[in-house]
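Asker: Take a look at the following structure, please.
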Amino acid sequence: MDLGALYQEIILEHNRSPRNHGELPDATGHAHGKNPMCGDEVSVWVRTAGDRVERVTFTGHGCAISRASASMMTQALTGKTRDEALALFQHFHDMVTGAGPADEAALGKLKVFGGVSRFPARVKCASLAWHAFRDALAGGDHDGDPAS
Ligand code: ZN
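Per my numbering, the sequence shown starts with residue 1, numbered consecutively.
Put into structure tokens, the structure is as follows:
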């Protein structure tokens, strides 16, 4: 089986039909991020209840990787505790930057983005929504480039 083609198909499918797409009126946090290298923009809304991430949504435009990454991220984070969500952020970040061995069990389907670590220009496409999520999780409204 050609794993590369399968992964590409998953990414293209999420780009065509993004999950949890739209604003979240009762969000507890929101952040906006830009990737000037590629022209990607993403807004992420988070609603937490106590320690749990109840809902994550996004809007944005840009390349297929940035949109698919945001879409799959919203699915992966929904229902997680704050600590689990931040741990997943770290696993994803380590995988796409090549900073450490990917924890495949923790990442699940998100490992389709593992290939971007070989393309430095694409790392920000894949991680943009995650940085925005981390800022949104902190609460309030963050406009501008999420810190890396
Ligand atoms: Zn991009």
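Where is the CB? At the ideal position from N, CA and C, for every residue including glycine.
Just so it is clear, the structure is predicted and the values come from calculations on it, not from any experiment.
Can you check whether the CB of residue 24 is closer than 9 Å to the CB of residue 45?
Answerer: Contact: yes.
Asker: Quick one: measure Cβ to Cβ for residue 135 and residue 31, integer angstroms, because I've assumed they're closer than 8 Å.
Answerer: Indeed, because the Cβ distance is near 4 Å, the residues count as touching under 8 Å.
Asker: As a quick exercise: from 131, 112 and 138, pick the residue whose alpha carbon is nearest that of residue 64.
Answerer: Of 131, 112 and 138, the residue nearest in Cα terms is 112.
Asker: Apart from the five residues just before and just after residue 93, which ones in its own chain have a Cβ nearer than 8 Å to its Cβ?
Answerer: Hits under 8 Å: 99, 127 and 130.
Asker: Measuring only between beta-carbons, confirm whether residue 121 sits less than 9 Å from chain C.
Answerer: In the structure shown, chain C cannot be found, because there is only a single protein chain.
Asker: At the level of alpha carbons, what is the spacing between residue 74 and residue 102?
Answerer: If you take the alpha carbons of residue 74 and residue 102, they lie about 20 Å apart.
Asker: Once the 5 residues before and after residue 133 are set aside, which same chain residues still bring their CB inside 8 Å of it?
Answerer: For residue 133, where only same-chain residues beyond five positions count, the Cβ hits under 8 Å are 31, 44, 46, 56, 73, 77, 85 and 89.
Asker: Should residue 117 be listed as close to the ligand ZN, given that the test is whether its C-beta is under 8 Å from any heavy atom?
Answerer: No, the ligand ZN has no heavy atom inside 8 Å of this Cβ.
Asker: Under 8 Å by Cβ, that's how I've got residue 59 and residue 139 pegged, so tell me the actual separation to the nearest angstrom.
Answerer: The pair is not a contact, with the Cβ atoms about 19 Å apart (cut-off 8 Å).
Asker: Whole-angstrom Cβ separation of residue 53 and residue 79, contact assumed at under 8 Å?
Answerer: Contact flag correct, Cβ pair sits at about 7 Å.
Asker: Could you check the C-alpha separation between residue 91 and residue 118 for me, to the nearest Å?
Answerer: Their Cα atoms are separated by approximately 17 Å.
Asker: Can you tell me where the beta strand (DSSP E) holding residue 141 begins and where it ends?
Answerer: Run containing residue 141: 140 to 142, per the beta strand (DSSP E) assignment.
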